[in-house]
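*Asks:*
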Amino acid sequence: MKKTCLLLALLLSPQAFSEDLVQWTDTSATVLYGDNYKLAPSEEQTTVTIESAGGWTYGDWFLFHDFIHFNDANGDANTNYGEISPRFSASKILGQQVGYGAISDVSLALTYEHGEGNVESFLYGVGLDFKVPYFSYLQLNTYRRDANNNNSTGWQFTPVWRMDFPVGNSSIVFDGYIDWVFAANDAFYKENIHFNPQVKYDLGAVIFGAAQKNRLMVGLEYDYWKNKYGVDGIDQNTYSVIVKYHF
48 MKKTCLLLAL
58 LLSPQAFSED
68 LVQWTDTSAT
78 VLYGDNYKLA
88 PSEEQTTVTI
98 ESAGGWTYGD
108 WFLFHDFIHF
118 NDANGDANTN
128 YGEISPRFSA
138 SKILGQQVGY
148 GAISDVSLAL
158 TYEHGEGNVE
168 SFLYGVGLDF
178 KVPYFSYLQL
188 NTYRRDANNN
198 NSTGWQFTPV
208 WRMDFPVGNS
218 SIVFDGYIDW
228 VFAANDAFYK
238 ENIHFNPQVK
248 YDLGAVIFGA
258 AQKNRLMVGL
268 EYDYWKNKYG
278 VDGIDQNTYS
288 VIVKYHF
């Protein structure tokens, strides 16, 4: 497992490719502040999230890492968690579009979950890309979960989306994901749904001009997690204020 994770980390690093292999990259940092978080040392949290997304010759990738501070906790008031998610595109590998109707591509989808505590898991499955009106992108990924040091082994369905709405010289972005974990091998690990959308206003386009679109975003994140971490009856329902900057 460790060798596989190291390979994924190297694979996702832009430095691992020559420039002609990388088609595009986007790196961003987000600061979030919110309250009413469950199963944490403190309900009040401040999170800094580093994200990277990109496309390359054989597919695409997305990775993030959260650095979480529990604002009013005693003792150890910090933790971290991240995911590395490469996908290998059938259309790119075969050199022709693989899809039908609204399905524009089919991919081998992988995810490695890591961080502090018993969170390490490896996910593998099938990703579908869709061309749908009003969506900048829409992906549906279905995974088999292989948990290394926790009881979340089972299945996971993860839609990911983004929609852009022009507003004057700027725009509003509605994006996010849903993680639905079901059919767990452990009877004590309950089916759970994590719904995590963001609504952001492109403030950079207003302050810095049209050349800086999608640079500085401000908005809100909604976080609903039914049976958080698979714990029966623990439901998280909270909002965070966010500021996001794309480098």
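Quick note on my numbering: the sequence shown kicks off at 48 and runs consecutively. The C-beta atom is built at its ideal place from N, Cα and C for all residues, glycine as well. Since the model is a prediction, treat every value here as computed from it, not as a measurement.
1. With Leu263 and Leu250 assumed to form a contact (beta carbons below 8 Å), what rounded beta-carbon distance in angstroms separates them?
2. Check whether the Cβ atoms of Asn125 and Ser89 lie closer than 7 Å to each other.
3. Is it true that the segment 174-189 meets the segment 197-213, where meeting means three or more beta-carbon pairs spaced less than 8 Å apart?
4. State whether the segment 162-169 contacts the segment 140-154, with contact taken as three or more CB pairs (one from each stretch) at a distance under 8 Å.
5. Between which two residues does the beta strand (DSSP E) holding Lys291 run?
6. Less than 8 Å between the CB atoms is what I'm expecting for Val278 and Lys237, so what's the real figure, rounded?
7. Considering only residues of the same chain and omitting the five flanking positions on each side of Ala76, which have a CB-CB separation below 6 Å?
8. With distance defined between alpha-carbon atoms, name the residue in Ala252, Lys273, Ser287 nearest to Asn216.
9. Inspect the beta-carbon positions of Gly106 and Ser132 and report whether they are closer than 7 Å.
10. Ordered along the chain, which non-local residues of its own chain (more than five positions away) have a Cβ less than 8 Å from that of Gly280?
*Replies:* The relevant details are as follows:
1. That pair is a contact at about 5 Å.
2. For the pair Asn125 and Ser89, the CB atoms are not nearer than the 7 Å cut-off.
3. Taking one beta carbon from each stretch, the segment 174-189 and the segment 197-213 have 3 or more pairs nearer than 8 Å; the two touch.
4. Contact between the segment 162-169 and the segment 140-154 is absent, with fewer than three C-beta pairs closer than 8 Å.
5. Looking at the DSSP string, the run of the beta strand (DSSP E) that includes Lys291 is 283-293.
6. So it is a contact: roughly 7 Å between Cβ atoms.
7. Short of 6 Å from the beta carbon of Ala76, and not among the five residues preceding or following it, lie these beta carbons of its own chain, in chain order: Ile97, Tyr292.
8. With distances taken between Cα atoms, Asn216 lies closest to Ala252.
9. For the 7 Å CB-CB criterion, Gly106 and Ser132 do not form a contact.
10. Counting only Cβ-Cβ distances below 8 Å, and skipping sequence neighbours, we find Asn274.
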